[in-house]
Structures are given as C-alpha cells and as structure tokens.
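Here's the structure, in structure tokens; my notes come after.
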C-alpha cells in the first residue's frame, strides 16, 4: 500500500515539473474568431487602364499617364465612353445608398460643350443609372470634373457577381467651336483620379488560434478578400495590437487557398495564464475605410524559452507583403588572357534581407519536403543526405546548406528567374549557364543559422572564355516592373579590372542616367566602376565591353608605344637644337601630362597615338623656329668704364688695362696675345 502511494506521488511530482523543463508549441484551446466585416464599407474605386478597364480600391495602381477618350464632333446618338469592371467581389449585402461618380474632362478649342451623358452601375443582374440634366449641363472650356449621383437599392453580392460601371453620351454639342474642338474624358493617373465612391462588402478578418512557443505567442490573422496579394501590397496599413499596444517587427505572411494569413510574434507575455485582447486594423486607403475588430483569448506561456522570436510556418511563406525586400548587388570582374584566349571571371554577390531572406532560409530547411506546393520552385529538390530530423528543424544545418549549394548549381536559373522564385533574370545578371567554363554557388548566412528574419548572401563565381573584339554584354537590367512588389529599390556596384595585356576597349553604359560609370586606365590594367543607389526595379540599363588583347589596346603595351613616340621625338628635337635655344622646347614638355590624361581616361589608342604625334610635331615646329645661339666676341663687348690706366697694343691697337704699378711690367694683349713691356 505504501509503495503504491509512493509511486502515485512520484508520478504527480514529475507531471507537475514537466512544463518547467519542456518547450511546448501548442495552439490555445480556442476557436478562430471572425472579427470583421459583416457590413458594407465606403470605399473609393478608381478607374484604371483603358476604355475597357478595371475598378480598384488601390490608388497605387494609377499610372503616370492618363487614359482618355476624345469626342471631336458633335453627336446626337448614343456613344460609349468606357466600361470599367471590378471583376471579383466579396459576397455580402449592399445597402441602399447613393454612389458618387466623378470623371475628369477637358474641353479645348470651344467655348464649352453641352453634354447629355449617363452613368450606369450594374451589380449582378441589377442596373442603376444617373444622367446629366437635359439641356442644362454645359461643361466650360478647360479642365473640370463631371459628377453623377447614382441611387443604389439594397441588394446582395455573391462570389460570382460583378460590379460594372459604364459611361455613355447621347448628345454632345459644342458652343462657339473652332477647328479641332473636342471633349476629352480622362482617368487612370494620379493627375486624373476619376473614381466612384461605393458602399460594398470588402473583406473578412479572422483571428486564428494563438500559438504558444515557450514564452513567445504567435498571433495569426486571416484576411479573406477578392484582392488577393494586393491587400498586402497596397493597403495603407495593417496593424495588430495586443492589449492596445502595437506589435512591431516583421510578421510572417503565408497563403492558404485564396486567404492571406499574417502571423505576428508577441513576446510581452507575463508568464502563466492570462487573458489578452487582440485587435486587428486594416486600412485599404489612406482616407479610409478602416476595417477593424478584436477578440479576447486565454493563453498560457512558460519560461522555458524555445521561441526564436519569428513564427515558423508549415506552409511556404510569401516572398513579399507588397513593400519589397532590400537587395544589394556587387560584382567583381577580372579580364585576363590564358593560353592565347580571353578569360572573364565574375564574382557576383547578392545581399538579401527582409521577406525574401526569410523565404530562402525556410526553403533551405525544407529541401526534400514532399508537402511543398506543386508550383513552388522548391518542389522536387534532391534531399541528398538530409535526414528527417534535420529537415523542418527551424535551423539550417550544415548538411542542408551544402545540399542547397549543390542543387543551386543546376537549378539556379529556375530558382532565380521563375515568377514563383526570386524574379531576377540570372542570364542578364551573371550570364548564360551554357557559356560558363566553371560555376560555383555559395551561401553566407551571416552568422545566423535559424529560420528568422536575417540577411544572407548568395554568391556566384563564374569563369568563361569570351571572343575578342566583339561586343559583350557585361550586365543588363535583371529586374522588371513586375518585380516591384518583390524588391525594393536596390543598390548596384560593379568593379571590373583587366590585366596589363588586355583591355575592355569600347566599354560604355547605355540607357541609364541613374548609374555612375567610370572607366580608367593605368599601365598595369584598366578599371571600370559602376555604382548606383536606390535603383528602381524597372530601371533599364546595359553595360557593354569589347574585350581585346591587341598590343595597341593593352595598357602596358600602349603606354610603352606612347613612350617610344615621345622618346624618339625628343631625341630628334634635341639633335636639331644643338645650336639653337631650347627653352621653348622645354616649355612644351608640359604637353606630355596632357597626353597621359587622355591615356588615363581610357580614350581609344588612335586618340592617344594621334595626341602623341601631334605633340611631337609641335616640338619639331618649335625647334625649327627657335633662334640660333651666337657666341659674342670679347672685342665686341661693351667697354666697361674704369679709372685704371690703359695702353694701346702697337701691333693690333687693342686697348689694354694696366692693373699694376710695378715697373717694368709685362702684360699680354687681349687682342693679339702679344707681350707688351711697360718700363715707365
């Protein structure tokens, strides 16, 4: 009896200690709560694209150029101006209300235009219209806005319904028209924000069961809407608050069917059981509507740690929330010659942060996962020697990193270029795989092996043989406007060097004014640098070179040939000026540094050779016109006034100075060198 009681007591003690020694990852025993939105909301729907365009609540989809329809002749029959459709809608009730439609117009080359127009809204099978006042609606000359107030009856929307807006004109008469009189209707740009203010159901917000991971609480919110990823990409703000305190940090976004699930991490739990109030706020537009809801949850956390501070999703995370991830691209290029062939080596480094870095880390931890979606670029990767314990461990093991690098050697084109991948054109960034002699790919996790928001580096090292004296594209635009939601504005740095016997020749930057391009030449090689910050993914640029190993282009041989021209020219000029003044020639030696500047700034050899020959020609002309040097006779020298006695030479009559009082005195005649004897 005593033994049984002891056993029961020990079991009870062990059971009570287990939460203190084990990390739990559990969902709270609660049901998902839909907190919004059963009622319709007021929203502005913008007219975008052409005359058969779309209605969207997101002003970010407005273009820089307006769409328009122009009417240049008076009409008396019905003419279609445009039709705009919302396509997918969210099911729910549409209340009785008045929708306001405003479209921009411009009257030119006329005093005005009398308009009889009708705006029609179709909701499912029902139509609602409003027309201008017959005979009294006159649009004055210039720009303006034509308004319609359309009464809408109470109705309902289903998932298969559509909302369509159309504008027709039955009568347009110009007053005081001139040649070229016309009326234009404009929409689809930030300058002409034509829109209809509607009251419709927009989306549902559901707070899923909180997930406990040690002391971390993960709070998923499901957004169901007809806008898909645009809700993340273009919403003015999406905020989660716990106990009315805003949760900062990077949430993890995943997609389940048509639903978007955003999961925030809350690390402010007090420990043990507590009730928290979770509220979600979504603002589709800066001016409204604000869609929000809240719910209370009973949670229990433990002090055993175990959380990483970042939610680890079972489904593949989204690559973007619409803002885009930071990207920095650096490329080191070396041009050399080996066995008579030109070799180009490139070391390309992509430093990736944000959601794309998290997506890549998650993918490394799921190599060989059979549950990955069929359309994922991670599907079907060879797991190699990765075990089930290492896979989906929230940590990137060394074997996973090595297997990722091996697989990328064959899969990098799909991984990078595919619409479900990085959306970076690998061919434009590093070149075509078929052209490489060798390629190696490495990943630097930058000191963090966990699957969390932390930057990483993806590095490509390539070597290829290239043809000489042909145009070669070093790099071209590798992103596009469709990548705007994947990448933020990125930075680019390229540094290319050549050996002393090779040259980039006609290197140039095309199409872009946002990049800084520099090309210089030194005796030991050429150097190209291209730099740019905050480059838009839609920015176009092309960097081309014409590699060559010609002796006339090689930096070492080119400066040697230039030096030979200068040396031969200088020796020739020195010989010419043996009996001439050289001060003008010496002054013109300052032209040599000017030629060296032309050399440094990588002008073609014909410019450098032409400049050197021109300088030598100037030297030659200067030598020919330089005055001769004449040795003046001492007899022709200007007499120097003095007080000493003189004596004339009896032979040549030259006057000689007597510089001593000693007598007798013998002196040499300065004219004929005869000895003159003075005795008194």
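In our numbering, the protein residues as written are 3 to 682.
Think of the CB as a built atom: it goes at the ideal place given N, C-alpha and C, for glycine as much as any other residue.
- With respect to the 7 Å criterion, residue 304 and residue 212 are not classified as neighbours on the basis of their beta carbons.
- Judged by beta-carbon spacing, residue 487 lies beyond the 7 Å limit of residue 330, meaning their Cβ atoms are not closer than that value.
- Within the same chain, Cβ atoms closer than 7 Å to the Cβ of residue 417 are found at 379, 410, 423 and 424, the five residues on either side in sequence being excluded.
- When the beta-carbon positions are compared, residue 140 and residue 113 stay at least 7 Å from each other.
- Of the other Cβ atoms in all chains shown, 16 or more fall within 10 Å of the Cβ of residue 466; this residue is therefore buried.
- The beta carbon of residue 269 lies closer than 8 Å to those of 217, 218, 219, 309 and 311 in the same chain, with the five residues before and after it left out.
- Of the candidates 476, 244, 263 and 512, 244 places its Cα closest to the Cα of residue 272.
- In the structure shown, residue 238 falls within a coil segment according to DSSP collapsed to helix, strand and coil.
- Boundaries for residue 503: no alpha helix (DSSP H) harbours it, and the DSSP string shows neither H nor E there.
- Remark: C-beta atoms of residue 478 and residue 404 do not approach each other more closely than 7 Å.
- Residues 50 of the same chain have their beta carbon placed closer than 6 Å to that of residue 63, with the five preceding and five following residues left out of the count.
- Remark: fewer than three beta-carbon pairs, one from each stretch, lie closer than 8 Å, so the stretch 616-624 and the stretch 648-664 are not flagged as touching.
- Around the beta carbon of residue 588, fewer than 16 other beta carbons lie within 10 angstroms, which makes this residue exposed.
- Around residue 143, the same chain offers 109, 110, 112, 113 and 114 as residues with beta carbons nearer than 8 Å, after the five sequence neighbours per side are excluded.
- With a threshold of 16 other beta carbon atoms within 10 Å, residue 597 meets it and is buried.
- When DSSP assignments are scanned along the stretch 214-283, the uninterrupted stretches of alpha helix (DSSP H) that are 4 or more residues long and fall wholly within it turn out to be 232-236.
- Note that the stretch 281-299 does not touch the stretch 63-78; fewer than 3 beta-carbon pairs, one per stretch, sit closer than 8 Å.
- In the DSSP assignment, residue 343 is bridged to 340.
- Bridge pairing for residue 107: 146 and 187 [DSSP].
- Scanning the stretch 384-413 for uninterrupted alpha helix (DSSP H) segments of 4 residues or longer gives nothing; none is fully contained.
- Here residue 304 carries a coil assignment [DSSP, helix/strand/coil].
- At a Cβ-Cβ threshold of 7 Å, residue 349 and residue 468 do not count as neighbours.
- The Cβ atoms of residue 123 and residue 83 do not sit closer than 7 Å to each other.
- Look at residue 529 here: in three-state DSSP terms it is strand.
- In the DSSP assignment, residue 151 is bridged to 102.
- The stretch 534-543 makes contact with the stretch 492-504, as at least three CB pairs between them are under 8 Å.
- Excluding sequence positions up to five before and after residue 432, its CB lies within less than 7 Å of the CB of 348, 350, 462 and 464, all in the same chain and listed in chain order.
- Here residue 264 really is in contact with residue 223; their C-beta atoms are around 5 Å apart, less than 8 Å.
- Counting of Cβ neighbours within 10 angstroms places residue 512 among the exposed residues, the total staying below 16.
- Per DSSP, residue 357 is not a residue of any beta strand (DSSP E); the alpha helix (DSSP H) it occupies stretches across 356-366.
- It is roughly 37 Å from the alpha-carbon of residue 540 to the alpha-carbon of residue 552.
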